[in-house]
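Student:
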Amino acid sequence: MSSLPFEMWLQSRLTAHGFACGEIDGRIGPKTLHALRSFQKAMGLAVTSEADEATVLALRQSSSRVPVEVSGFIPDRDKPSSEDRRKSVWPRQKDVMQFYGAVGTSQTRIEVPWDMRLAWDKDVTVRTITLHTKVAASAERAFHVIRGQYSDREIRDLGLNLFGGSLNVRRMRGGSNYSMHSWGIAIDFDPERNRLSWKRPQARLSLDDAIPFWRAWEAEEWVSLGRARNFDWMHVQAARL
Numbered sequence: 024m025s026s027l028p029f030e031m032w033l034q035s036r037l038t039a040h041g042f043a044c045g046e047i048d049g050r051i052g053p054k055t056l057h058a059l060r061s062f063q064k065a066m067g068l069a070v071t072s073e074a075d076e077a078t079v080l081a082l083r084q085s086s087s088r089v090p091v092e093v094s095g096f097i098p099d100r101d102k103p104s105s106e107d108r109r110k111s112v113w114p115r116q117k118d119v120m121q122f123y124g125a126v127g128t129s130q131t132r133i134e135v136p137w138d139m140r141l142a143w144d145k146d147v148t149v150r151t152i153t154l155h156t157k158v159a160a161s162a163e164r165a166f167h168v169i170r171g172q173y174s175d176r177e178i179r180d181l182g183l184n185l186f187g188g189s190l191n192v193r194r195m196r197g198g199s200n201y202s203m204h205s206w207g208i209a210i211d212f213d214p215e216r217n218r219l220s221w222k223r224p225q226a227r228l229s230l231d232d233a234i235p236f237w238r239a240w241e242a243e244e245w246v247s248l249g250r251a252r253n254f255d256w257m258h259v260q261a262a263r264l
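Going by the working numbering, the sequence shown opens with residue 24, and the numbers climb by one from there.
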């Protein structure tokens with residue numbers, strides 16, 4: 024299965040499937056158990072809080088696979104944007120390894136200036152998120168600008184309080200290359216209302232009241248796949264297309 028100890032394999036597979044456990048350290052604490060139960064519930068398995076045979080089998084499945092009916096709506100994320108010829112502090116997707124180093128390395132934590140909840144387990148409060156050291160200060164600036172633009176009620180209405188993940192070493196959904204999350208240079212918000220293939224106006228963050236949110240990120244030269252390609256509106260990344 025893996026050369027990792029089973030506990031670390033379990034944490035890494037849960038994280039790859041989008042159910043983050045925090046640090047992959049082999050310690051099965053409350054956060055890992057929350058992720059395990061949430062994964063079991065999402066997969067329609069018995070919620071046992073144990074890594075039983077059915078759960079392990081489900082965890083072994085590819086975390087990048089998406090349904091056929093969804094994959095047909097996903098644009099080519101690796102196709103460079105011919106319109107983007109600006110100089111930027113961030114690399115193109117094809118150059119991220121050279122710029123950021125190996126996946127999962129050089130990580131730090133930043134505080135979010137409002138209360139967040141795990142999107143897949145809203146009983147869990149999120150106060151800090153993990154990002155690459157090269158993007159952490161930029162993300163903090165964007166978060167503080169956003170905090171100044173929206174009230175608590177507006178943040179909840181937009182779903183900016185629902186954390187969908189940051190660092191997550193995995194392949195792109197429906198693709199074979201590493202996701203930008205693998206370097207901790209992407210953040211997802213409210214995945215349930217901004218699903219991968221949803222376009223404008225179905226996706227919540229495609230609506231006009233989210234424009235100040237996106238402009239805060241764009242001021243830091245982060246890229247919204249929704250604004251650029253009209254899909255994956257949950258996602259913002261510190262890499263150009």
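Glycine included, C-beta positions come from ideal geometry on N, C-alpha and C.
Quantities reported herein were computed from a predicted structural model and do not represent experimental measurements.
Check Val147 in the structure and name its three-state DSSP category.
Tutor: strand
Student: Of all the alpha helix (DSSP H) runs that stay within the bounds of the stretch 199-242, which reach a length of 4 or more residues?
Tutor: The qualifying runs are 234-242.
Student: Give me, in chain order, the residues of the same chain whose beta-carbon lies closer than 7 Å to that of Phe178; leave out the 5 immediate sequence neighbours on both sides.
Tutor: Here the sequence assigns Ile to residue 178, which means Phe is not the residue at that position. Within the same chain, and ignoring the five residues on either side of Ile178 in sequence, the residues whose Cβ sits closer than 7 Å to its Cβ are Trp137 and Asn184.
Student: Alpha carbon to alpha carbon, how far is Leu68 from Asp175? Give it in angstroms, no decimals.
Tutor: A direct Cα-to-Cα measurement between Asp175 and Leu68 gives close to 35 Å.
Student: May I ask you to list the residues that DSSP assigns as paired with Leu154?
Tutor: Thr131
Student: Quick one: Cα of Glu244 to Cα of Val158, how far?
Tutor: 11 Å
Student: Taking the continuous beta strand (DSSP E) assigned at Gly188, which residues delimit it?
Tutor: Leu185 to Gly188
Student: Helix, strand or coil, according to DSSP, for Arg137 in the structure here?
Tutor: Correcting the residue type first, residue 137 is Trp in the shown sequence and not Arg. Reduced to three states, the DSSP call for Trp137 is strand.
Student: Give me the Cα-Cα distance between His57 and Ile47, rounded to the nearest whole angstrom.
Tutor: 14 Å
Student: Quick check on the DSSP output: the alpha helix (DSSP H) that includes Gln63 runs from which residue to which?
Tutor: Its alpha helix (DSSP H) spans residues Pro53 to Ala65.
Student: Which of helix, strand or coil does DSSP assign to Val246?
Tutor: In this structure, Val246 counts as strand in the three-state DSSP scheme.
Student: Which class does Val192 belong to by DSSP, given the choice of helix, strand or coil?
Tutor: coil
Student: Applying the 10 Å Cβ sphere with the 16-neighbour rule, what's the burial state of Thr78?
Tutor: buried
Student: In the DSSP output, which residue or residues are listed as bridge partners for Gln260?
Tutor: Ala209 and Val246
Student: Are Ala165 and Trp113 close, meaning C-beta to C-beta below 8 Å?
Tutor: no
Student: Among all the DSSP beta bridges, which residues are the ones paired with Arg115?
Tutor: Arg115 is bridged to Arg263.
Student: For the alpha helix (DSSP H) that contains Leu33, what are its first and last residues?
Tutor: Phe29 to Ala39
Student: On a Cα-Cα basis, can you pick out the residue from Met195, Leu181 and Trp206 that is closest to Ser189?
Tutor: Trp206
Student: In this structure, how does DSSP classify Gly171 when only helix, strand and coil are distinguished?
Tutor: In the structure shown, Gly171 sits in a helix (DSSP, three-state: H, G or I).
Student: Can you say whether Leu80 is buried or exposed, counting buried as having 16 or more other CB atoms within 10 angstroms of its CB?
Tutor: exposed
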